[in-house]
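Heads up, the thing below is written out as structure tokens.
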Amino acid sequence: MPVSLFDTYTRQVREFEPLSKGEVGLYACGPTVYDYAHIGNLRTYLFEDFLRRTLEYNGYKVNHVINITDVGHLTSDADTGEDKMEKGSRRTGMTAWEMADFYTAAFQDDLQTLNILAPHTWCRATDHIPEQIAFIEDLVQRGFTYTTSDGIYFDSRRSNNYGRLARLDVNGLRAGARVDPGERRFVTDFALWKFSPPDEQRQMEWDSPWGIGFPGWHIECSVISSKYLGDFFDIHCGGEDHIPIHHTNEIAQTEASKGTTLANFWMHGYFLQLDNMKMAKSAGQMVRLQSLLDANYDPLVYRYLCLTAHYRTQLSFGWDSLEACGVALGRLQKSCYEWGEPSEPDADFVTRFEDHINNDLNMPRALALTHDLRRADIPDANKKATLLHFDRVFGLRLDEWRPDRLVVPEEVERWLQQRESARSEKDWQQADLLRDKILAAGYQVEDRPEGPRVVSSE
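According to this note's numbering, the stretch in the sequence shown is residues 8 to 465, in order.
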């Protein structure tokens, strides 16, 4: 069954065909490690995890690469302001290098907690400075750059296709641009290399043919992705905020140097909303995964929540919706456990599931199918096998769930034994009275083939 995905570049859902038979190169823009990731950031990585799992479900061998931005991302995406790493260093009291290690590890812990598959390759921007300098040198030689007092800039006027990814009105943007000495010439130009201020020494700076400084934010992704996946690979992912600037600039500089749009598919996950505002560190709208753990939520409840909305739609976060997802996930976990040993997946349900996930990752429809499955008139063993088959993509670890050990009072255990004695003597009235006493104590009896057991009635 073919996989169809939405390509932001063409604005179309089109059939996915790998550039190399059976293999997929997948690049995801990683975090800038000056602070913890918030759950809005993590929604993007969950979308990418669902994408990877869907591709692997369909038999593709995926080569997954994520970069770590540990230098060059300024406080303004317009190439102004301070490097976020330098600013974060002052806030935390750690060196920029120590801080990068700390927040990288925290991010990787969050991914593991959410059962997000680790990439095959992690790449730090600071480990690829020579390659970034070489890439910029190539752009200089090709005439796509100019020099100002504060850096080397990409001349977006030389790019005939600039802004296509975001459908930017480039002429309209440029009409409002002001030319200031020492700054970029046009609003759509962007920094490739920034010079260190002459009166201070940065923690992160390197020598280059143009002077001591550091790379701009956009150059690292073009360099790192092409190094590990080639100059034209299958899928490039990121958040929707990357469309108008970061990914637009990646494409422009790669077209200028390599003659390609870098990726065959450009895919973007949409924002998580908090009180109708984009969740962002800079705006103070930040809920960490640890916040959910501190509130005693299973982290997989948040994973479940992200399955309830299509990746190309914004998702509103609230504690009420999280609570509802916890109840729904609990039902799935309990059903999966109680269905016993699995046999074979149901073919009809599997076909319907594949229809949904292969139709541009329609996880909400695939998730709704699980509730149809619970009500279906098929053997429990087939239900469990089918649900575990679905979980290859959902990643909810359903087969690992076990009920909490229930501590039953001795008195309730005694009533259960007395009820069994009454049933064996066919004293149904006494058995029913004992069952009602157990229920009034907050427990209920489940009569199973292997014998009765007491469970919580909550």
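Even glycine gets a Cβ: it sits at the ideal position worked out from N, Cα and C.
* Asked: So what's Y450 in DSSP terms, helix, strand or just coil?
  -> Per DSSP, reduced to three states, the secondary structure at Y450 is strand.
* Give the secondary structure of G333 by DSSP, where H, G and I count as helix, E and B as strand, and everything else as coil. => In the structure shown, G333 sits in a helix (DSSP, three-state: H, G or I).
* **Secondary structure of V186, DSSP reduced to three states** => Unreliable placement is indicated for V186, whose pLDDT of 45 sits below 50; no coordinate value is reported for it.
* Should L307 be labelled buried (16 or more other beta-carbon atoms within 10 Å of its own) or exposed? -> Buried: at least 16 other Cβ atoms inside 10 Å.
* **D443 versus G458: straight-line alpha-carbon distance, rounded** => Straight through space, the alpha carbons of G458 and D443 are spaced by roughly 18 Å.
* When burial is assigned at 16 or more other CB atoms within 10 Å of the CB, is N178 buried or exposed? -> By the neighbour-count rule (16 or more Cβ atoms within 10 Å), N178 is not buried but exposed.
* To do: Assuming A373 contacts F360 (C-beta within less than 8 Å), just tell me the rounded distance between them.
  => Between the beta-carbon of A373 and that of F360 there is about 6 Å, and that keeps the pair under the 8 Å contact cut.
* Considering only residues of the same chain and omitting the five flanking positions on each side of T15, which have a CB-CB separation below 7 Å? -> The beta carbon of T15 sits closer than 7 Å to those of L172, I250, W273, M274, H275, all from its chain and outside the five residues before and after it, given in chain order.
* Asked: Excluding five sequence neighbours on each side, which residues of the same chain lie with their C-beta closer than 6 Å to the C-beta of R209?
  -> Same-chain partners within the cutoff: S203.
* **Extent of the continuous beta strand (DSSP E) to which Y34 belongs** => Per DSSP, the unbroken beta strand (DSSP E) holding Y34 starts and ends at 30-35.
* Given a cut-off of 8 Å, decide if L423 and R452 are closer than it, judged by their beta-carbon atoms. => Just to set this straight, residue 452 is Val in the shown sequence, not Arg. Taking 8 Å as the Cβ cut-off, V452 and L423 qualify as a contacting pair.
* Only counting runs of 4 or more residues, tell me where the alpha helix (DSSP H) segments fall wholly within the segment 167-234, in order along the chain. => Runs of the alpha helix (DSSP H) spanning 4 or more residues and lying entirely within the segment 167-234 occur at 177-182, in chain order.
* Asked: Straight-line CA distance for E144 to T99?
  -> Just so you know, the alpha carbons of E144 and T99 end up roughly 35 Å apart.
* Asked: What does a CB cutoff of less than 8 Å around Y344 pick up in its chain, not counting 5 residues either side in sequence?
  -> In the same chain as Y344, and ignoring 5 residues on each side of it, the C-beta atoms closer than 8 Å to its own belong to W408, R409, P410, in chain order.
* To do: Could you name the residues of the same chain whose beta carbon sits closer than 6 Å to that of A125, not counting the 5 residues immediately before and after it, in chain order?
  => Closer than 6 Å at the Cβ level, and outside the excluded window around A125, lies no residue.
* **Length at least 4, wholly inside the segment 89-138: the alpha helix (DSSP H) runs in chain order** => Counting whole runs of 4 or more residues, the segment 89-138 contains the alpha helix (DSSP H) stretches 91-99, 103-120.
* Return the residue from the list I385, A375, F151 that minimises the CA-CA distance to D353. => Check the Cα spacing between D353 and each of I385, A375, F151: the tightest is with I385.
* Asked: In this structure, does DSSP put F360 in helix, strand or coil?
  -> F360 falls in the helix class under three-state DSSP.
* **Three-state secondary structure (DSSP) of W346** => Coil, per DSSP.
* **Enclosing beta strand (DSSP E) for V308 [first to last residue]** => It is not in any beta strand (DSSP E) - V308 instead sits in the alpha helix (DSSP H) that spans 306-314.
* Asked: Is the number of C-beta pairs between the segment 298-316 and the segment 125-135 that are closer than 8 Å three or more?
  -> No: fewer than three Cβ pairs fall under 8 Å.
* Asked: So what does DSSP say about I250, is it helix, strand or coil?
  -> Three-state DSSP puts I250 in coil, outside helix and strand.
* D187 versus R295: straight-line alpha-carbon distance, rounded -> Low confidence applies here, because D187 scores a pLDDT of 49, under 50, leaving its location unreliable; read the following figure in that light. Those two C-alpha atoms are separated by around 40 Å.
* **Beta-carbon gap between E227 and H135 smaller than 8 Å** => Yes. Within cutoff.
* **N- and C-terminal bounds of the alpha helix (DSSP H) containing M8** => That residue, M8, is in no alpha helix (DSSP H); it is neither H nor E in DSSP.
* Does the distance from the CB of H71 to the CB of L33 come in under 8 Å? -> Here H71 is near L33, since their CB atoms are less than 8 Å apart.
* Can you give the Cα-Cα distance for H378 and N256, rounded to whole angstroms? -> Distance between the alpha carbons of H378 and N256: 44 Å.
* Verify whether the separation of the beta carbon atoms of H243 and S232 is less than 8 Å. => Result yes, Cβ atoms of H243 and S232 sit closer than 8 Å.
* Rounded C-beta distance between R426 and L441? I'm assuming under 8 Å. -> The distance from the Cβ of R426 to that of L441 is about 4 Å, consistent with a contact at the 8 Å cut-off.
* How many whole angstroms separate the CB atoms of Y311 and L368, which I take to be in contact at a CB cut-off of 8 Å? -> Separation of the CB atoms of Y311 and L368 is rounded to 15 Å, and the pair is thereby denied contact status at 8 Å.
* Cβ contact (3+ pairs, closer than 8 Å) linking the segment 51-65 and the segment 212-221 -> Not touching, per the Cβ criterion.
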